[in-house]
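**Q** Residue numbers (this note's numbering), protein chains in the order written: chain A, 1265 to 1532; chain B, 755 to 988.
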């Protein structure tokens, strides 16, 4: 059986393909990982905001600061790209494109050694499978708690805890999470883990795309949940978001649209 | 061998009886109040009976096999090879094929009859809006009503439309449901065959008042319907 793991003598044979080790602080800040993902997401958010404000200033559009557009461009498009780049999803391709030595070591040969490896970009199909299943069960629990909450609201006539828009928002976010963050990807997790083993294949085809595909998932989930923080509240047009009703929804609907059409693309 | 078959059949009968009790003792469907729903319920029971028989058969064989031919714990052998059984394979392909075809033909007949408007149906426009239903009786000088009143035994064609967002017209006891979509006209046919008060509910999330978007549907005798028309027509 072939292994995607480079042999031990690889580093001695091709020293130019391995970068000199960074200092621990430098590795934490500039090496691929959640910390770099965080600051790159913030950086890309600022860049997106500058892009919007800059273009509106250039064309003399009023008002200069438009929360909806900035949220859609900076928070929902740029920041996720920054996060993905930060955790290292694009490292291999970007190194290849700019001519830097690509690092063959992407954990594909060994999977996870510690629990921390599950929070990193890892191309091993079993790690991705576990990442999928844990993520989906996290959002499954979250959506289940929302269901408990709006059931509690329904226990007595009238409004106890939330207003009508928040109630519809709870129902919609619950359904959306259950569909897009549980039913669909839970199967992807199981398949990622089991199918290569059943076939006797070393890994899935296109392991780096496989990783990227997984990391889009938590972004979509966070965007669905974050719609509760948007001015006007979460989207309340159901997980189907049918047009005439969805048009009249508050800003939260944009979170639904962006999460479905951006990170949600992973489904195709 | 004979003892085994008796045990197999006994397990199957126990499962079948249990399933039949579950199917019969619980009230799974709303009580029918229209000829269309009567036909649908016939199909429903037809499919349920077939499912009970097949499910009992399959589970009986599985349970019997697990119980009867369970290997001892230290037996790791693969067991004797199986070379197939052509007769059995023909049987379990042909029987489901016949059953599925029968269900298909039966359903097609019911759908054709439910979709046949007959000689002269009564025309009612059901107009959905946030958050109420409006019924316009086209045959009676466009009489408008927020309450749906139908004469018993009269075939009625509902033409749905919506003035704002998508709604869905559903009277559970009529067994018919249809979306009311802005810009499109959709229709269903209902022939009420039982008098009583029923509920019209909206079954497509249509906004903040979706849960309260209800109207009453009243099926009355022809005389009462004429009296109601008289009373409400100006």
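Heads up, the beta-carbon is just placed ideally off N, CA and C, and yes, glycines get one too.
Quick caveat: nothing in here was measured; it's all calculated off a predicted structure.
Looking at the strands, I want to know which residues DSSP matches up with residue 891/B.
**A** 878/B and 897/B
**Q** If you follow the alpha helix (DSSP H) that residue 800/B is in, where does it begin and where does it stop?
**A** 789-822
**Q** Taking the alpha carbon of residue 1288/A as the point to measure from, which residue in 1299/A, 1450/A and 1278/A has its own alpha carbon closest?
**A** 1299/A
**Q** Taking any Cβ of chain A, which residues in the segment 955-979 of chain B have a Cβ under 8 Å from it, in chain order?
**A** Those would be 958, 959, 960, 961, 962, 963 and 964, in chain order.
**Q** Which bits of chain B does residue 1445/A rub up against, with CB to CB less than 7 Å?
**A** Those do not exist, as residue 1445/A stays about 20 Å from chain B at its closest Cβ, beyond 7 Å.
**Q** Could you tell me whether any Cβ in chain B is nearer than 8 Å to the Cβ of residue 1514/A?
**A** No - not a single Cβ of chain B is within 8 Å of the one on residue 1514/A.
**Q** Going along the chain, which residues of its own chain have a beta-carbon closer than 7 Å to the beta-carbon of residue 1432/A, five neighbours each way excluded?
**A** 1500
**Q** Determine, using beta carbons only, whether residue 1297/A and residue 1345/A come nearer to each other than 8 Å.
**A** no
**Q** Assuming residue 906/B and residue 819/B make a contact with CB atoms under 8 Å, what is their CB distance in whole Å?
**A** About 54 Å separates the two Cβ atoms, so there is no contact after all.
**Q** With which residues is residue 1308/A paired in a DSSP beta bridge?
**A** The partner list for residue 1308/A (beta bridge, DSSP) is empty, contrary to what the question assumes.
**Q** Got a sec: is the Cβ-Cβ distance from residue 1432/A to anything in chain B below 8 Å?
**A** yes
**Q** Comparing C-alpha positions only, which one of 808/B, 855/B, 964/B and 882/B sits nearest to residue 940/B?
**A** 882/B
**Q** Considering only the alpha carbon of each residue, which of 1491/A, 1308/A, 1490/A and 1347/A lies closest to residue 1337/A?
**A** Minimum Cα distance to residue 1337/A is reached at 1308/A.
**Q** Using the rule of at least 16 other Cβ atoms within 10 Å of the residue's Cβ for burial, across every protein chain shown, is residue 1355/A buried or exposed?
**A** buried
**Q** Throw me the rounded Cβ distance for the residue 945/B and residue 790/B pair, which I believe falls under 8 Å.
**A** 6 Å
**Q** When the distance is taken between beta carbons, is residue 890/B closer than 8 Å to residue 896/B?
**A** yes
**Q** Can you confirm whether residue 1508/A, when its beta carbon is compared against all beta carbons of chain E, has any partner nearer than 8 Å?
**A** Although the question refers to chain E, the structure presented lacks it and instead comprises the protein chains A and B.
**Q** If you draw a straight line from the alpha carbon of residue 1517/A to that of residue 948/B, how long is it in whole angstroms?
**A** 44 Å
**Q** What would DSSP say about residue 1265/A, mapped onto helix, strand or coil?
**A** With a pLDDT of 39 at residue 1265/A, under the threshold of 50, the predicted position of this residue should be treated as unreliable, and no value is reported.
**Q** Assign residue 935/B to one of two classes, buried (16 or more other C-beta atoms within 10 Å of its C-beta) or exposed (fewer than that).
**A** buried
**Q** Run through chain A and tell me which residues come within less than 9 Å of residue 850/B, C-beta to C-beta.
**A** Going along chain A, no residue has its Cβ under 9 Å from residue 850/B, so there is no contact; the nearest lies around 26 Å.
**Q** DSSP three-state call for residue 905/B: helix, strand or coil?
**A** strand
**Q** Using a beta-carbon distance cut-off of less than 7 Å, what residues from the segment 1409-1437 of chain A approach chain B?
**A** 1428, 1429 and 1432
**Q** Taking CB distances under 8 Å as the criterion, tell me whether residue 1501/A reaches chain B.
**A** yes
**Q** Spatial neighbours of residue 996/B within its chain, please: C-beta separation below 6 Å, excluding the five flanking residues on both sides.
**A** Chain B is shown only over 755 to 988; residue 996/B falls outside these bounds and no answer can be derived.
**Q** According to DSSP, residue 1438/A sits in a beta bridge with which residue or residues?
**A** Looking at the DSSP assignment, residue 1438/A forms no beta bridge with any residue, so it has no partner.
**Q** Looking at chain B, is there any beta carbon in it that lies within less than 8 Å of the beta carbon of residue 1278/A?
**A** Look at residue 1278/A: its C-beta is not under 8 Å from any C-beta on chain B.
**Q** Going along chain A in order, which residues have a C-beta closer than 7 Å to the C-beta of residue 920/B?
**A** 1506, 1508 and 1509
**Q** Between residue 1404/A and the rest of its own chain, which residues show a CB-CB distance below 8 Å, the 5 nearest in sequence each way excluded?
**A** 1441, 1442, 1445, 1446 and 1450
**Q** Which residue marks the beginning of the alpha helix (DSSP H) containing residue 867/B, and which one marks its end?
**A** 840-868
**Q** Going by DSSP in three states, residue 959/B sits in which element: helix, strand or coil?
**A** coil
**Q** Please check if any C-beta of chain A sits within less than 8 Å of the C-beta of residue 936/B.
**A** Answer yes: the Cβ-Cβ gap between residue 936/B and chain A drops below 8 Å somewhere.
**Q** Following the continuous beta strand (DSSP E) through residue 914/B, name the residue where it begins and the one where it ends.
**A** 910-916
**Q** Would you say residue 954/B and residue 965/B are within 8 Å of each other, going by their C-beta atoms?
**A** The answer is no: Cβ separation not under 8 Å.
**Q** Would you check whether the ligand SAH has a heavy atom nearer than 7 Å to the C-beta of residue 814/B?
**A** Judged by which ligands are present, the structure shown has none, so any question about the ligand SAH falls away.
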